[in-house]
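In the working numbering, the protein residues as written are 3 to 297. Notes follow once the structure below has been shown.
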């Protein structure tokens with residue numbers, strides 16, 4: 003029986019595009035590759051952590067069922083000024099779907115990367131409760147409240163390292179494959195060029211709806227109804243461009259054996275209701291590019 007090729011897998015940050023990681027992992031497992039190590043930032047930390055637990059099937063089933071309405075039910079508004087959402091409800095839901103373990107008890111090596119912005123340094127989680135690591139790594143500035151750890155506020159790992167290759171340096175594997183979700187835009191790649199409504203008539207603009215409702219409750223005299231909050235799209239695109247630049251620098255400094263780029267214009271950061279398309283895109287893209295590249 004042919005020995006499987008062992009892989010250190012680096013899963014990058016990029017919001018909903020991270021669902022493509024699921025499809026890529028599926029392809030690798032089906033084609034003779036054994037993933038022995040995972041390092042991830044943000045959505046890469048989330049998908050990689052759930053894979054390391056061994057519950058990717060349960061997560062994929064849950065993710066493919068997400069709708070606009072169910073996304074809204076996962077958003078727990080924060081009354082503070084350090085983030086729009088607390089993030090606790092999402093983490094509690096994920097724990098109920100896949101369970102929770104300590105990182106040191108996982109069957110494979112796992113590292114989640116978060117950012118200590120006050121000290122401008124990365125924080126690598128290699129032990130402790132896995133969902134503490136994930137919660138810290140996915141704390142997107144302005145949207146999620148920071149995660150308090152050892153007296154410090156931690157935020158999204160993609161701020162400082164959207165493709166965390168360095169944690170895999172000591173791995174005893176045959177190759178390192180990095181998935182960069184902030185690849186250069188590709189014409190025609192976007193899954194959702196225009197806002198849409200679902201079959202149930204749900205609005206496509208989740209954040210504007212949530213922010214409008216929140217502001218209406220806080221300031222009854224000020225109506226935000228019908229206002230198009232375009233600032234989020236500007237912020238999202240700026241964040242993607244920034245991460246893309248940092249990712250290219252990290253990859254150049256610490257080149258893995260292979261980089262699979264996912265174009266950053268594939269979808270918006272919050273398009274989690276497009277799980278079917280994004281997971282399938284990851285699987286299809288891996289099948290198209292990896293066989294020739296990996297030999």
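Note that CB positions come from ideal geometry on N, CA and C, so glycine has one too. Only a predicted model underlies this, so the values are computations on that prediction, with no experimental measurement involved.
Helix, strand or coil at residue i according to DSSP, with G and I counted as helix
i           : result
residue 264 : strand
residue 113 : strand
residue 216 : Note that residue 216 has pLDDT 43, beneath the 50 cutoff, so the model's placement of it is unreliable and the number below is only indicative. In this structure, residue 216 counts as helix in the three-state DSSP scheme.
residue 185 : strand
residue 1   : The question about residue 1 has no answer here: the residues shown for the chain are numbered 3 through 297.
residue 104 : strand
residue 192 : coil
residue 294 : helix
residue 95  : helix
residue 169 : helix
residue 179 : strand
residue 201 : At residue 201 the pLDDT is 43, less than 50, meaning the model places this residue with poor confidence; the figure from the coordinates comes in the next sentence. Here residue 201 sits in coil by DSSP.
Element boundaries [beta strand (DSSP E), containing residue i]
i           : result
residue 154 : 154-157
residue 42  : 35-43
residue 123 : 123-127
residue 147 : Unbroken run through residue 147: none, as it is neither H nor E.
residue 141 : Premise fails: residue 141 is in no beta strand (DSSP E) and is neither H nor E.
residue 7   : 7-13
Cβ-based neighbour list, residue i, same chain, cut-off 6 Å, excluding 5 preceding and 5 following
i           : result
residue 142 : 158
residue 37  : 9 and 11
residue 127 : 114 and 135
residue 188 : 265
residue 281 : 21, 24 and 25
residue 60  : 99 and 100
residue 66  : 277 and 278
residue 288 : 26 and 29
residue 283 : 22
residue 228 : Note that residue 228 has pLDDT 40, beneath the 50 cutoff, so the model's placement of it is unreliable and no number is given.
residue 201 : Because the pLDDT of residue 201 is 43, which lies under 50, any placement of that residue in the model is unreliable, and the number read from its coordinates should be weighed accordingly. So no residue of the chain qualifies.
CB of residue i within 8 Å of CB of residue j, strictly
i           : j           : result
residue 185 : residue 265 : yes
residue 29  : residue 285 : yes
residue 55  : residue 132 : yes
residue 69  : residue 273 : no
residue 13  : residue 181 : yes
residue 44  : residue 175 : no
residue 120 : residue 161 : no
residue 183 : residue 15  : yes
residue 248 : residue 164 : yes
residue 270 : residue 47  : no
Spatial neighbours of residue i in its chain, beta-carbon cut-off 7 Å, leaving aside the 5 residues before and after
i           : result
residue 279 : 193
residue 168 : 256
residue 76  : 91, 92 and 95
residue 62  : 24 and 281
residue 170 : 10, 12, 39, 41 and 178
residue 58  : 24, 27 and 52
residue 130 : 104 and 105
N- and C-terminal bounds of the alpha helix (DSSP H) containing residue i
i           : result
residue 63  : 58-66
residue 271 : Per DSSP, residue 271 belongs to no alpha helix (DSSP H) and is neither H nor E.
residue 25  : 22-32
residue 4   : Looking at the DSSP string, residue 4 is not in any alpha helix (DSSP H), and its letter there is neither H nor E.
residue 76  : Per DSSP, residue 76 belongs to no alpha helix (DSSP H) and is neither H nor E.
Residue i at chain C interface by Cβ criterion, 8 Å
i           : result
residue 267 : The displayed structure is made up of one protein chain only, and chain C is not part of it.
Close-in-space but distant-in-sequence residues of the same chain around residue i (CB under 8 Å, 5 per side omitted)
i           : result
residue 294 : none
residue 305 : A query on residue 305 cannot be resolved here, the shown segment of the chain reaching from 3 to 297 and no further.
residue 254 : none
residue 318 : Because the chain in this structure spans residues 3 to 297, residue 318 falls outside the shown range and cannot be described.
residue 6   : 34, 35 and 36
Under 8 Å, with one C-beta from each stretch per pair, do the segment 21-29 and the segment 97-114 reach the 3-pair mark? no
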